[in-house]
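So for the sequence shown, full-length UniProt numbering puts the first residue at 1; every next one is plus one.
Note that beta-carbon positions come from the ideal geometry of N, C-alpha and C, so glycine has one too.
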Amino acid sequence: MVHGFTVAEKGEKMSKSLGNVIDPDVIINGGQDPSREPPYGADILRWWVAESNVFTEVTISSSVLNAARDDISKLRNTLRFLLGNVAGFNPETDAVPVKDMYVIDQYMLHLLQDLANKVTDSYRQYDFGKVVRLLRAFYTRELSNFYFSIIKDRLYCEDAADPKRRSCQTALAEILDVVVRSFAPILPHLAEEVFQHIPYRKEPRSVFRSGWIQTSSIWKKPGLEEAMESACAMRDAFLGSIPGQTAAAYSVVIVIEPGLLFEVIEMLQAEETSSTSQLNELMMASQTTLLSQEPRERAADAIELTGTFVINLEGGDIREESSYKVIVTPTTKEKCPRCWKYTAESSEAPCPRCADVLGGK
């Protein structure tokens, strides 16, 4: 393998006479003036090397290193969230079987297996840049921007040992394990640091002495993609209609004509109206109503949104296009002082869900 030259920010050759040579030791430990040459550490340097296309000229500068530092800062925040929310969880006694997990938790395991396979293949091909891109997309888009925002209520407000919460923790524990092993060859120091803080981890304590990524074939569930992608299309329509507003302050009515799409969404909410269903958790609304025909009455200030979604099952052998309508109205409920969802009868008293949790303690 022959790699290209390492060049300065604007593509110019590095030269002592020009004074634009960047010393790797200075990148790691910092220079004489920390404000101009801050210590980035070895992991940031390794991340930059891994994501660089070494078959052309490679650019390095403070802006490039700052971007790498931002990537790792976001990764560390993701890891803090994962570590914090598996506290008090023991996979040997508390893990929920995959078939009994929430649909969104099963969906995350489905995505996780896909990530693990792609990361492993990329390492085999020495395509470290692809590993970085896969990881960055997963922990920013799938975790921080999507999954974490949805599950916070279940993690923070349900009883500690509630099966709904344990389902989420089961997924988080698997995500933590796969993600840490995925970046360990690139960021060994960070990987070891995380491994030392996993609360239920037994010997061996080193990520490098415990093997490569392990996933389960039962995580792969292509049919879940249809359920989640169709529900997310409706979620995006809802959230897009209330820019800058709190989703929990609104009620959502979803109207789907009878057919495959209705049956798929019904997996997430068996009852007609719910504030605690899997569908409502995904919507992040005060409550969600699922109907197969138009409601007889609707509020004057309701927002109506329409769309279509194509269901593809059995590799395309089963295909059906269905239309749906999302009706958004401000909720008439009060904000619960405990979970902050608009599901309480009074702002001075907890909502029914929180009252049940508190009453059981």
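Check whether residue i and residue j have beta carbons under 7 Å apart
i: Gly129; j: Glu51; result: yes
i: Asp94; j: Cys168; result: no
i: Tyr342; j: Lys335; result: yes
i: Leu290; j: Ile327; result: no
i: Leu45; j: Ile28; result: yes
i: Leu224; j: Tyr40; result: no
i: Ile150; j: Glu226; result: no
i: Phe309; j: Leu261; result: yes
i: Pro350; j: Arg338; result: yes
i: Thr288; j: Leu279; result: yes
i: Val357; j: Asp127; result: no
Three-state secondary structure assigned by DSSP to residue i
i: Tyr107; result: helix
i: Thr332; result: coil
i: Ser182; result: helix
i: Phe195; result: helix
i: Phe309; result: strand
i: Gln287; result: strand
i: Lys13; result: strand
i: Tyr250; result: strand
i: Val357; result: helix
i: Lys325; result: strand
i: Ile27; result: helix
i: Glu348; result: coil
Alpha-carbon to alpha-carbon, residue j and residue i
i: Ala42; j: Ser217; result: 36 Å
i: Arg209; j: Leu176; result: 17 Å
i: Arg154; j: Asp71; result: 28 Å
i: Val179; j: Lys74; result: 13 Å
i: Val264; j: Thr329; result: 24 Å
i: Phe238; j: Ser144; result: 20 Å
i: Ser182; j: Glu297; result: 52 Å
i: Ile198; j: Thr170; result: 14 Å
i: Phe31; j: Ala184; result: First, the residue type needs correcting, since residue 31 is Gly and not Phe in the sequence shown. The alpha-carbon atoms of Gly31 and Ala184 are separated by roughly 27 Å.
i: Ala161; j: Glu92; result: 14 Å
i: Pro24; j: Glu192; result: 22 Å
Neighbourhood of residue i by C-beta distance below 8 Å, restricted to the same chain and skipping five residues each side
i: Val86; result: Gln169, Leu172, Ala173, Leu176, Ile198, Pro199 and Tyr200
- Item | the stretch 296–308 in contact with the stretch 109–123 per 3-pair CB rule at 8 Å | No, the stretch 296–308 does not touch the stretch 109–123.
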